[in-house]
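Undergrad: Let me give you the structure first, and then I'll get to my questions.
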Amino acid sequence: MIESLSEPVLRLDAQHQVPDISLVAPMYNESEGLDQFFKTVTPILEQISPDWEIVCVNDGSRDDTLAKLIQYHQRDPRIRVLNFSRNFGKEAGTTAGIDFSRGRAVIPIDADLQDPPELILEMVSKWKEGFKVVLATRRERGEDTWFKRQSALMFYRIISFMSEIDIPKNTGDFRLMDRQVVDTLKQLPEKTRFMKGIFAWLGFPTTTIFFDRPQRFAGQTSWNYWKLWRFALDGIFAFTTLPLQIWTYLGALISLGSFVYASILILTTLIHGVDVPGYTSIMVTLLFLGGVQLISLGVIGEYVGRIYKEVKGRPIYIVQDTWGFNDLIERDQIVRV
């Protein structure tokens, strides 16, 4: 067993005891894999400390995920459950779990066991060395298709070029965060929750451990290519304004090219006389400029849409029911404004 953590832990009763470790697990239709998930993670947490909690977020599941989670909570009250009023998405689920967690260290983890729970022991060891954040990074993406690997590589290259912060490659939400990091994270109010970027933006002393990601234990992923595309756009538009600036430079370049081309036409006309106008070149030029304008409007629209989402002030999530929290939370915590 790993030795007890050095800092004092607030001791009240079992319900109000501050956990050493909080595991945050957003779930959507994970019924098939829940038994194996808890069978795997609970012995690992017990090796670290008896004072732990698992915050399970039911993100509008359509199977019996919620019913099973309630059963597990009844067996062990350290397994706490949040039930959303509808499906708000994985980023909202992760945000809610972190918001409701109380541990001195918080670890978001996928319930499909593609984030190996065995790494938690090494994460805690690094945390005790003084690191505030411990990342878990995949060595390879061998389980992904060729297209998904290439698109992920392109995404990281683009966002690395455009963004002012360094977002670690092949690193998901699976990481350990110290309570200081979590409390800082909870102060960030944006509605577009690109968690990879938000985590990276926070900073703090960070180290990395590497692992080979296993296959999903059970069920099917809810991520399709369209959702991944939108997720990538959220990441790009949430952490850089370079797409807006590009059109300024592109417009200046096109204007300069037009001036040069006009000068050539004038000189050609003066030297060789009036030539028959070329309708093909005119149409190509008009279509090109029209395409550029539409793309630039689309980029502006992406930013305006995100501004609209922010100013509406709608909550990131709504919690319909809770199990295991009782008076640990205030009533106004059921939404993240």
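Just so we're aligned, residue 163 is where the sequence shown starts under this note's numbering, counting upward by one.
Where a beta carbon is used, it is the ideal one built from N, C-alpha and C, also for glycine.
Given the structure is predicted, the values throughout are model-derived calculations rather than measurements.
Consult DSSP for PHE487 and reduce its assignment to one of helix, strand or coil.
TA: The answer is coil: DSSP assigns PHE487 none of H, G, I, E or B.
Undergrad: Contact defined as beta carbons within less than 8 Å: I believe ILE260 pairs with VAL180. What is the distance between those atoms, to the nearest angstrom?
TA: About 16 Å; that fails the 8 Å criterion.
Undergrad: Going by the C-beta, is ILE271 closer than 8 Å to any heavy atom of the ligand FAD?
TA: Questions concerning the ligand FAD fall outside what the structure shown contains, since it holds no ligand whatsoever.
Undergrad: Quick one: what's got a C-beta closer than 7 Å to PHE366's C-beta in the same chain, skipping five residues either side?
TA: Excluding residues within five positions, the ones whose Cβ falls inside 7 Å are LYS294, VAL295 and VAL343.
Undergrad: In the DSSP assignment, find the unbroken alpha helix (DSSP H) run with THR256 in it and report its ends.
TA: 252-262 is the extent of the alpha helix (DSSP H) around THR256.
Undergrad: Since GLY359 contacts ILE408 with CB under 8 Å, what's their CB separation in whole angstroms?
TA: The Cβ separation is near 19 Å, so there is no contact.
Undergrad: With a threshold of 16 other CB atoms inside 10 Å of the CB of GLU215, please say whether the residue is buried or exposed.
TA: Result: buried.
Undergrad: Using a Cβ-Cβ cut-off of 6 Å (strictly less than) and excluding sequence neighbours within five positions of ALA273, which residues of its own chain qualify?
TA: Closer than 6 Å at the Cβ level, and outside the excluded window around ALA273, lie ALA187, MET189, GLU192 and PHE199.
Undergrad: In this structure, does DSSP put GLN455 in helix, strand or coil?
TA: Reduced to three states, the DSSP call for GLN455 is helix.
Undergrad: Using the rule of at least 16 other Cβ atoms within 10 Å of the residue's Cβ for burial, across every protein chain shown, is LYS471 buried or exposed?
TA: Counting Cβ neighbours within 10 Å, LYS471 comes out exposed, since fewer than 16 surround it.
Undergrad: Roughly how many whole angstroms lie between the Cα atoms of ASP238 and ARG319?
TA: Their Cα atoms are separated by approximately 44 Å.
Undergrad: Tell me the DSSP secondary structure of GLU326 in three-state form.
TA: Here GLU326 sits in coil by DSSP.
Undergrad: Who are the Cβ neighbours of GLN482 in its own chain at under 7 Å, not counting the five residues just before and after it?
TA: Closer than 7 Å at the Cβ level, and outside the excluded window around GLN482, lie ASN245, PHE246 and SER247.
Undergrad: What's the gap between the Cα of ILE428 and the Cα of PHE421?
TA: Cα to Cα, the separation comes out at about 11 Å.
Undergrad: Determine the direct distance from the alpha carbon of ARG240 to that of ILE164, and round the result to whole angstroms.
TA: With a pLDDT of only 38 at ILE164, under the threshold of 50, the placement of this residue in the model should not be trusted, and no figure is reported.
Undergrad: Please state whether DSSP places THR354 in a helix, a strand or coil.
TA: Coil.
Undergrad: To the nearest angstrom, report how far apart ALA254 and LEU395 are at their CA atoms.
TA: Taking the straight line from one Cα to the other gives about 17 Å.
Undergrad: Apart from the five residues on each side of it in sequence, which residues of its chain come closer than 8 Å, Cβ to Cβ, to ARG264?
TA: Same-chain partners within the cutoff: VAL180, PRO181, SER184, GLU215 and LEU490.
Undergrad: Pick helix, strand or coil for SER223, following the three-state DSSP scheme.
TA: Note: SER223 maps to coil in three-state DSSP.
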